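Per the UniProt record's numbering, numbering of the sequence shown is gapless, rising by one per residue and ending at 349. So the structure is just underneath, and the comments pick up after that.
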Amino acid sequence: MKNQKAIVETRSLAIGYRSSGTERTVAADLDLQLRPGSLVCLLGSNGAGKSTLMRTLSGLQPALTGEITIDNRPLHALKPAELAQKLSLVLTDRIDAGNLTAREVVALGRTPYTGWLGTLTKDDHSQIAQSIEQTGIAPLLDRHMHQLSDGERQKVMLARALAQDTPLILLDEPTAHLDLPNRVEMMRLLHTLARNMHKAILLSTHELDLALQTADELWLMHPDGKILAGPPEDLVLSGAFEATFARNGFSFDRTTGTFIIHQPVDNAQIYLEGAEKPLFWVRRALQREGLGVSNHRNAPCLVSVFEAENGFEAEIIFQNQQVKVSSVQALIGQMHLFFPSPSHSGMTS
Numbered sequence: 001m002k003n004q005k006a007i008v009e010t011r012s013l014a015i016g017y018r019s020s021g022t023e024r025t026v027a028a029d030l031d032l033q034l035r036p037g038s039l040v041c042l043l044g045s046n047g048a049g050k051s052t053l054m055r056t057l058s059g060l061q062p063a064l065t066g067e068i069t070i071d072n073r074p075l076h077a078l079k080p081a082e083l084a085q086k087l088s089l090v091l092t093d094r095i096d097a098g099n100l101t102a103r104e105v106v107a108l109g110r111t112p113y114t115g116w117l118g119t120l121t122k123d124d125h126s127q128i129a130q131s132i133e134q135t136g137i138a139p140l141l142d143r144h145m146h147q148l149s150d151g152e153r154q155k156v157m158l159a160r161a162l163a164q165d166t167p168l169i170l171l172d173e174p175t176a177h178l179d180l181p182n183r184v185e186m187m188r189l190l191h192t193l194a195r196n197m198h199k200a201i202l203l204s205t206h207e208l209d210l211a212l213q214t215a216d217e218l219w220l221m222h223p224d225g226k227i228l229a230g231p232p233e234d235l236v237l238s239g240a241f242e243a244t245f246a247r248n249g250f251s252f253d254r255t256t257g258t259f260i261i262h263q264p265v266d267n268a269q270i271y272l273e274g275a276e277k278p279l280f281w282v283r284r285a286l287q288r289e290g291l292g293v294s295n296h297r298n299a300p301c302l303v304s305v306f307e308a309e310n311g312f313e314a315e316i317i318f319q320n321q322q323v324k325v326s327s328v329q330a331l332i333g334q335m336h337l338f339f340p341s342p343s344h345s346g347m348t349s
């Protein structure tokens with residue numbers, strides 16, 4: 001998608017706030033591009049300026065310096081009616097839709113095209129029907145907005161944005177307050193819409209794992225006001241992703257694409273071997289319990305793990321003892337018997 005012409009472009013952009021003659025810069029020297037057919041995830045820690053950037057790009061907040069162009073036109077030169085035909089915005093804040101049904105809210109997406117009377121044409125109805133089908137909200141149409149769950153409401157607001165039929169869609173934390181299935185479904189849907197409808201979609205999110213799996217590009221906001229942009233894989237392999245979220249107590253594993261919590265670890269006395277799937281989960285459980293895993297097969301304790309019909313089996317060899325277990329919980333309990341620590345010495349099974 002690099003050969004696509006950018007629908008949004010920033011040049012030397014600085015974002016932030018002005019108040020009582022003072023100016024606070026959140027991020028500066030931003031040269032960004034957003035292209036049709038791409039899903040871009042804006043990531044960063046709390047307070048990094050994600051919402052400020054989203055509000056600035058959508059025209060809700062003025063830039064401090066620099067330039068934003070949408071479809072080769074300066075953002076500040078676009079009249080509200082023109083901007084509404086180029087950009088649709090979905091915010092996290094719950095909108096008071098009064099007594100409107102989901103169907104009526106979706107139809108509001110056609111407002112930029114209907115004029116003062118709000119009369120819907122055949123083309124308007126066609127666009128509304130298409131957005132309903134794409135988001136799968138047909139069962140919700142006759143329900144009032146206050147009757148919908150957070151996940152259902154987010155889908156309705158996305159359908160409204162699609163009915164608006166703009167080449168650019170901005171979403172501020174669209175997965176906030178959603179349960180895991182709805183978070184996954186929302187990200188999958190946005191990825192599909194970007195590809196199939198050739199939309200440029202930018203969303204801010206804290207769903208790092210889902211962003212790594214679905215985004216065509218990441219914008220990483222650093223606390224120092226810089227943004228690194230690129231494909232997720234390049235940013236991971238270069239260490240940029242890891243550096244953005246570096247904190248004491250955990251680290252990012254570039255091999256698995258997951259964050260690992262560091263627990264205080266006793267001397268590494270356990271060697272693991274066996275099937276890959278149970279090996280991964282046993283290793284994680286041991287690390288959580290502070291039980292050190294050795295890279296040497298001559299460690300005092302040998303644990304061999306196997307896949308079984310019930311999901312898991314393991315054989316433990318320690319000081320001429322051989323113990324078989326059929327659950328990770330039982331394995332951990334046995335390890336604490338072999339390697340008691342102060343934090344577990346007072347625990348009973």
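Don't be surprised by glycine CBs; every beta carbon is placed ideally from N, CA and C. All values reported here derive from a predicted model rather than from experimental measurement.
Span of the alpha helix (DSSP H), counted from its first residue to its last, around A159: By 1-based counting over the sequence shown, the position of residue 159 is 159. 150-163 is the extent of the alpha helix (DSSP H) around A159.
Coarse secondary structure for K86, derived from DSSP in three states: Counted from its first residue, the sequence shown places residue 86 at position 86. Note: K86 maps to coil in three-state DSSP.
8 Å contact criterion, which T114 and D124 should meet: CB distance rounded: For the purposes of this step, residue 114 is taken as the residue at position 114 of the sequence shown. For the purposes of this step, residue 124 is taken as the residue at position 124 of the sequence shown. About 7 Å separates the beta carbon of T114 from that of D124, a gap short enough to meet the 8 Å contact definition.
As assigned by DSSP and simplified to three states, the class of F339: The count along the sequence shown starts at 1 and reaches residue 339 at position 339. F339 carries a coil assignment under DSSP once its states are collapsed to helix, strand and coil.
Sheet register partners of H125 (DSSP bridge): As a first step, residue 125 must be located in the sequence shown, where it is residue number 125. According to DSSP, which records beta bridges pairwise, H125 is partnered with nothing at all.
Nearest-angstrom Cβ-Cβ length linking A163 and V106, presumed shorter than 8 Å: The residue you call residue 163 lines up with position 163 of the sequence shown. The residue you call residue 106 lines up with position 106 of the sequence shown. Right, their Cβ atoms sit about 5 Å apart.
Stretch-stretch touch, CB-based, cutoff 8 Å, three pairs: the segment 187-197 with the segment 38-45: With a cut-off of 8 Å, the segment 38-45 and the segment 187-197 count as touching, because enough Cβ pairs lie within range.
T56 vs I15 beta-carbon contact at 8 Å: The sequence position of residue 56 within the sequence shown is 56, counting from 1. The sequence position of residue 15 within the sequence shown is 15, counting from 1. In this structure, T56 places its C-beta atom within 8 Å of the C-beta atom of I15.
Backbone CA spacing between S126 and D31 [nearest angstrom]: The residue given as residue 126 occupies position 126 in the sequence shown. The residue given as residue 31 occupies position 31 in the sequence shown. Their Cα atoms are separated by approximately 37 Å.
Member of L34, E23, L158 whose CA lies at the smallest distance from the CA of V8: The residue you call residue 8 lines up with position 8 of the sequence shown. Looking only at L34, E23, L158, the smallest Cα-Cα distance to V8 is reached by L34.
S58 to E289 span [Cα, whole Å]: Within the sequence shown, numbered from 1, the residue matching residue 58 stands at position 58. Within the sequence shown, numbered from 1, the residue matching residue 289 stands at position 289. Roughly 47 Å separates the two Cα atoms.
Per-residue burial, Q334 [other beta carbons within 10 Å of its own, 16 or more giving buried]: Start at 1 with the first residue of the sequence shown, and residue 334 comes out as number 334. With 16 or more Cβ atoms within 10 Å of its Cβ, Q334 is classed as buried.
Complete runs of the beta strand (DSSP E) confined to the segment 190-275 [at least 3 residues]: List check, beta strand (DSSP E) in window: 200-204, 217-221, 227-230, 250-253, 258-261, 270-274.
Pair within 8 Å by beta-carbon distance, residue 361 and T258: Nothing can be reported for residue 361: it is not among the residues displayed for the chain, which extend from 1 to 349.
Cross-strand partners of H76 (DSSP beta bridge): For the purposes of this step, residue 76 is identified with residue 76 of the sequence shown, where counting begins at 1. H76 is not bridged to any residue.
G311 versus Q319: straight-line alpha-carbon distance, rounded: The count along the sequence shown starts at 1 and reaches residue 311 at position 311. The count along the sequence shown starts at 1 and reaches residue 319 at position 319. C-alpha separation (whole angstroms): 27 Å.
For G66 and T10, believed in contact at Cβ under 8 Å, the rounded distance: Translated into positions along the sequence shown, residue 10 becomes position 10. Translated into positions along the sequence shown, residue 66 becomes position 66. Confirmed, about 6 Å.
Cβ-heavy atom distance, P181 to the ligand GTP, below 7 Å: By its list of ligands, the structure shown contains no ligand whatsoever, and the ligand GTP lies outside what it can speak to.
Cutoff 7 Å; reference E152; Cβ partners in own chain excluding five residues on either side: Taking the first residue of the sequence shown as 1, we reach residue 152 at position 152. The answer, listed in chain order, is L140.
From K226, K324, A200, E173, residue whose alpha carbon lies closest to that of L210: To locate residue 210, count along the sequence shown from 1; it is residue 210. If we check each option's Cα against that of L210, E173 comes out closest.
Between the CA atoms of R183 and S327 - distance to the nearest angstrom: Along the sequence shown, read from residue 1 onward, the residue named residue 327 stands at position 327. Along the sequence shown, read from residue 1 onward, the residue named residue 183 stands at position 183. Taking the straight line from one Cα to the other gives about 30 Å.
The segment 239-247 / the segment 271-283 touching (three or more Cβ pairs under 8 Å): Because the criterion of three Cβ pairs below 8 Å is not met, the segment 239-247 and the segment 271-283 do not touch.
Neighbourhood of K50 by C-beta distance below 7 Å, restricted to the same chain and skipping five residues each side: Along the sequence shown, read from residue 1 onward, the residue named residue 50 stands at position 50. Excluding its 5 nearest sequence neighbours in each direction, K50 has C-beta neighbours in its own chain below 7 Å: L42, G44, S204, M221, listed in chain order.
Reference L170; option with closest CA among K226, G21, L53: Here residue 170 is taken as the residue at index 170 of the sequence shown, counted from 1. Residue L53 is the option with its Cα nearest to L170.
Residue nearest to L148 in terms of C-alpha spacing, selected from A102, N298, V305, V303: As a position in the sequence shown, residue 148 is number 148, starting the count at 1. Measuring from the Cα of L148, the nearest candidate turns out to be A102.
Own chain residues within Cβ distance below 8 Å of A299, not counting five before or after: Translated into the one-based positions of the sequence shown, residue 299 becomes position 299. The residues are A268, Q269, I270, Y271.
CA-to-CA distance, D71 to A159, given in whole angstroms: What you label residue 159 is simply residue 159 of the sequence shown in a count that begins at 1. What you label residue 71 is simply residue 71 of the sequence shown in a count that begins at 1. Note on geometry: alpha-carbon atoms of A159 and D71 lie some 23 Å from one another.
Where the beta strand (DSSP E) containing L57 begins and where it ends: Along the sequence shown, read from residue 1 onward, the residue named residue 57 stands at position 57. No beta strand (DSSP E) holds L57; the alpha helix (DSSP H) holding it covers 50-57.
I128 beta carbon less than 8 Å from that of R110: For the purposes of this step, residue 110 is taken as residue 110 along the sequence shown, with counting starting at 1. For the purposes of this step, residue 128 is taken as residue 128 along the sequence shown, with counting starting at 1. Their beta carbons are under 8 Å apart, which means R110 touches I128 by this criterion.
Alpha-carbon spacing of M197 relative to G230, whole angstroms: Your numbering for residue 197 matches position 197 in the sequence shown. Your numbering for residue 230 matches position 230 in the sequence shown. Rounded to whole angstroms, M197 to G230 spans 22 Å at the Cα level.
For G225 and T25, believed in contact at Cβ under 8 Å, the rounded distance: The count along the sequence shown starts at 1 and reaches residue 25 at position 25. The count along the sequence shown starts at 1 and reaches residue 225 at position 225. About 7 Å; that satisfies the 8 Å criterion.
F312 in three-state terms, based on DSSP: Within the sequence shown, numbered from 1, the residue matching residue 312 stands at position 312. Three-state DSSP puts F312 in coil, outside helix and strand.
Residues that DSSP places opposite G44 in a beta bridge: The sequence position of residue 44 within the sequence shown is 44, counting from 1. Per the DSSP secondary-structure output, G44 pairs in a beta bridge with M221.
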